[in-house]
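Asker: Before we start, here is the structure in question, set down as structure tokens.
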Amino acid sequence: MALDKDMLDPGDRNAEPLTKDEVVDILNDLLENTRDGGYGFLACAEEVESPAAKQLFASRAEGCRQAESELLQLITSYGGKPADGGTAAGAVHRGWVHVKGSLGANSELSILESCERGEDTAVARYRKALKQNLPADVRSVVERQAAGAQRNHDQIRDLRNAARAKD
């Protein structure tokens with residue numbers, strides 16, 4: 007899945023500018039999404055055996071922490087209060103990864119498949135945000151983070167495909 011033109015489309019340039027509260031709401035949605043990603047990558051790292059996969063998931067979790075820091079700064083600069091934690095759906099997803107691990111279904115393939123589904127969600131949330139008439143400073147951060155989420159997705163997908171080819 008490559009970054010497509012629609013993902014970077016700034017939406018309707020003639021639309022009314024978003025209020026600060028609307029910008030904060032969008033940023034908080036992405037903040038929860040980013041936290042879900044970080045927690046999810048750490049959960050995956052706990053469940054895989056391969057040192058390379060553990061390192062990959064740990065590095066992706068660190069990338070999520072950096073994105074979280076950027077979003078926190080933007081939220082406060084727009085006068086907002088950062089959301090607490092991640093989403094309920096993200097918690098359920100992480101729980102499922104751990105259940106699979108406790109049942110012995112923690113093959114690298116199944117963990118990569120779960121991780122890819124999480125990244126599908128992340129990419130979709132960034133695409134939704136980028137359809138809004140975001141202020142330029144926010145748009146530049148969101149576009150960069152969206153590209154990072156897409157890279158995460160594509161790398162996880164490629165690893166999943168390689169793991170499938172081994173089975």
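Here my numbering is used: position 107 in the sequence shown is 113, and no number is missing along the way. Every residue gets a Cβ at the ideal spot worked out from N, C-alpha and C, and that includes glycine. Since we're looking at a predicted model, the values are computed, not measured.
If you follow the alpha helix (DSSP H) that N167 is part of, which residue opens it and which one closes it?
Answerer: 142 to 172
Asker: Which two residues bound the contiguous alpha helix (DSSP H) that contains K56?
Answerer: The sequence shown places Ser at residue 56, rather than the Lys named in the question. Unbroken run through S56: none, as it is neither H nor E.
Asker: Just curious, the alpha helix (DSSP H) that T127 is in, first and last residue?
Answerer: Segment 114 to 136, the alpha helix (DSSP H) holding T127.
Asker: Please work out which residues of its chain come closer than 8 Å, Cβ to Cβ, to L37, disregarding the five sequence neighbours upstream and downstream, and give them in chain order.
Answerer: E74, L77, L78, I81, P88, A89
Asker: DSSP three-state call for G44: helix, strand or coil?
Answerer: helix
Asker: So, using beta-carbon positions, are A67 and G85 closer together than 8 Å?
Answerer: No, the pair does not count as a contact, with Cβ atoms beyond the cut-off.
Asker: Throw me the rounded Cβ distance for the R166 and L118 pair, which I believe falls under 8 Å.
Answerer: Between L118 and R166 the Cβ distance is about 4 Å, and since that is below 8 Å, they are a contact.
Asker: Roughly how many angstroms separate the alpha carbons of F63 and R150, rounded to a whole number?
Answerer: Straight across, the Cα-Cα distance linking F63 with R150 is about 20 Å.
Asker: How is G69 classed by DSSP in three states: helix, strand or coil?
Answerer: helix
Asker: For S120 and D164, I'd like the C-alpha separation in whole angstroms.
Answerer: 14 Å
Asker: Quick one: grab the DSSP three-state call for T25.
Answerer: coil
Asker: By the 10 Å Cβ neighbour count, where 16 or more other Cβ atoms means buried, how is E55 classified, buried or exposed?
Answerer: exposed
Asker: Whole angstroms are fine: how far does the CA of V29 sit from the CA of L140?
Answerer: The alpha-carbon atoms of L140 and V29 are separated by roughly 7 Å.
Asker: With a 10 Å radius around its C-beta and 16 neighbouring C-beta atoms as the bar for buried, classify A58 as buried or exposed.
Answerer: Under this definition A58 is an exposed residue.
Asker: Using only the alpha-carbon positions, how far apart do K26 and S83 sit?
Answerer: 10 Å
Asker: Can you tell me whether A51 is buried or exposed, with buried defined as 16 or more other CB within 10 angstroms of its CB?
Answerer: buried
Asker: Could you give the DSSP three-state label for V98: helix, strand or coil?
Answerer: Caution applies to V98, whose pLDDT of 48 falls short of 50 and renders its modelled position unreliable; the value that the coordinates give is listed next. Helix, per DSSP.
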